[in-house]
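Numbering (the numbering used here), first residue to last: 50 to 448. Built from N, CA and C at the ideal position, the CB exists for glycine as well. Inspection log for the structure reproduced underneath, given as structure tokens.
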């Protein structure tokens, strides 16, 4: 099937649901926010896999969906939150079908288990699928949102799969389970990327979020009576607070017993109040020559003359913020101040000291981010060898 325009389903509320029922079964085979089913990342089209995703403003699903006597495909527009007006939508849908009958002996029916797990209990993993029957597992889509600002350490969790009571797979890390690796490094799981069978839905350090997908086609996970498929949130003890939204794709001879129906609270995209930028994934440019060296937890910038660093804030939500920084003072520290274009936002601050000293959450200034104010500049005032800034991270707190 194809459903367009894909842009009609974008947004933070995800109020349009896709519901599919085979042969008048009691439980729908698919019941999920349409954006999640087609691999959107936090409300925006993202996935472009071989069989499922969005491309050219069109949502597509080319998984075979065999049934016996009846198929019912519904779009459900949930009533919005109080005080929010429902936008008018014009939707085009195309269903491809064949009159070839399903062979129940060799073909299961297609099911998609949607699950939004907001702040799962400490010690318990996020469960993609836990169901009985005979069939095979063919795909995972996961949006992974950290609820603590900072690095995406929750993605250190392992996936684990048991079929018919036997552990078959215990992974080595969340991004590894999506055939990726080494997140938060340049060109290594640092943004969205789509390949035919796997990819990254998104990666944002400021938002502390990521996501991935994987289709299991030539390596499908077969089960004869039961499958349990899960992923941890955090490297130890499932202890990092998260909001995980997943879609598990599988074929089975047994319909699901129950499901979680989408609701406004469950489908709302989480926007944090505190956003953090780390130098390794900042987009910045320089006025003049600048030496940049990774050191410790951050970067050391060594300025030639009174240079400036312009940092893009295009990824940040618009609004008013208080800006803080984790920095380190040092014997060669310069004086610095923070600007937007030619408006000085902070006083001059010396980062010079007799020895390297960490300053955590140091207040810098207030600032506004909007369409016309979406950069931040660090201006240096150097004197001889006092020309360095050791920056670990910038912290933006929404007002």
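Between the region 115-129 and the region 154-173 there are three or more inter-stretch CB-CB distances shorter than 8 angstroms, so the stretches are counted as touching.
Bridge partners of residue 393 according to DSSP: 388. With fewer than 16 other Cβ atoms inside 10 Å of its own Cβ, residue 145 counts as exposed.
Contact between residue 407 and residue 293 is ruled out by a C-beta separation of about 33 angstroms, above the 8 angstroms threshold. In the structure shown, the three-state DSSP call for residue 405 is coil. For residue 51, the three-state secondary structure derived from DSSP is strand. Secondary structure note for residue 226: its alpha helix (DSSP H) is the uninterrupted segment 223-226. The three-state reading of DSSP puts residue 415 in strand, counting E and B together. Between the alpha carbons of residue 204 and residue 222 lies a gap of roughly 7 angstroms. Spanning the alpha carbons of residue 237 and residue 230 requires a straight line of approximately 6 angstroms.
Burial is judged here by how many other beta carbons sit within 10 angstroms of a residue's own beta carbon; residue 141 has fewer than 16 and is exposed.
Residue 343 is bridged by DSSP to 348. Contact between residue 177 and residue 295 holds, since their C-beta atoms are separated by about 5 angstroms, short of 8 angstroms. For residue 251, the CB contacts under 7 angstroms within the same chain, skipping 5 residues up- and downstream, are 90, 91, 95, 241, 258, 259 and 260 in chain order.
Burial of residue 253 is indicated by the presence of at least 16 other C-beta atoms within 10 angstroms of its C-beta. DSSP places residue 166 in the strand class (E or B) of the three-state scheme. In the structure shown, residue 321 adopts coil according to DSSP, grouped into three states.
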